[in-house]
Amino acid sequence: MIDFACKEFRLNDVIKCALNLTRADMKVIGLFFDTPEKWVNTEDIANDTGLDLSTVQRSVKKLHEKEILTKSQTNLDRGGYTYIYKLKEKNEIKEIIMQIVHKWVNKVDKELEAW
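In structure tokens:
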């Protein structure tokens, strides 16, 4: 728990807020936190989380755009390809979140100065 003035925050709440994630996004990222070294495709994520495939695809796209997930292409034996995803290093994710938190702190500081 993180105690801030009048409210306590769980770390997951800070991650969710800082990265602007939905509950579905948090379910997806939670799967990656449980197995950070594993590469998975969207179908497996949907099966493991119980989420609809299109929901998983949106979440994975968002997490990749926010540089939380790494994406790789796997060629299929019968032709075509699929993408697989893996969690980036926790230190990299921490740095992304800390940059967002620092921007927030700077904004609060400017607002208080203007006040």
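Read in order, the letters of the sequence shown correspond to residues 1 to 115 in full-length UniProt numbering. For glycine and all other residues, C-beta sits at the position ideal for the given N, C-alpha and C.
Within 10 angstroms of its Cβ, does residue i collect 16 or more other Cβ (buried), or is it exposed?
{"i": "Val101", "result": "exposed"}
{"i": "Leu76", "result": "exposed"}
{"i": "Leu21", "result": "buried"}
{"i": "Leu69", "result": "buried"}
{"i": "Val40", "result": "buried"}
Helix, strand or coil for residue i per DSSP?
{"i": "Leu87", "result": "strand"}
{"i": "Glu67", "result": "coil"}
{"i": "Glu37", "result": "coil"}
{"i": "Asn47", "result": "helix"}
{"i": "Asn20", "result": "coil"}
From residue i to residue j, what distance separates their C-alpha atoms?
{"i": "Thr82", "j": "Trp104", "result": "37 Å"}
{"i": "Met26", "j": "Lys66", "result": "13 Å"}
{"i": "Leu112", "j": "Asp44", "result": "47 Å"}
{"i": "Leu31", "j": "Lys86", "result": "10 Å"}
{"i": "Lys71", "j": "Thr42", "result": "11 Å"}
{"i": "Asn47", "j": "Asn106", "result": "41 Å"}
{"i": "Cys6", "j": "Lys16", "result": "19 Å"}
{"i": "residue 199", "j": "Asp109", "result": "The chain is shown only over 1 to 115; residue 199 falls outside these bounds and no answer can be derived."}
Who are the Cβ neighbours of residue i in its own chain at under 7 Å, not counting the five residues just before and after it?
{"i": "Tyr18", "result": "For clarity, residue 18 is Ala in the given sequence; the question names Tyr instead. Within the same chain, Ala18 has close Cβ partners Ile97, Ile100, Val101."}
{"i": "Ile93", "result": "Ile68"}
Ignore the nearest five residues each way along the sequence and tell me which others in residue i's own chain have a CB closer than 8 Å to its CB.
{"i": "Lys62", "result": "Leu21, Asp25"}
{"i": "Phe33", "result": "Leu87"}
Do the stretch 86–100 and the stretch 50–61 make contact, defined as three or more Cβ pairs closer than 8 Å? no
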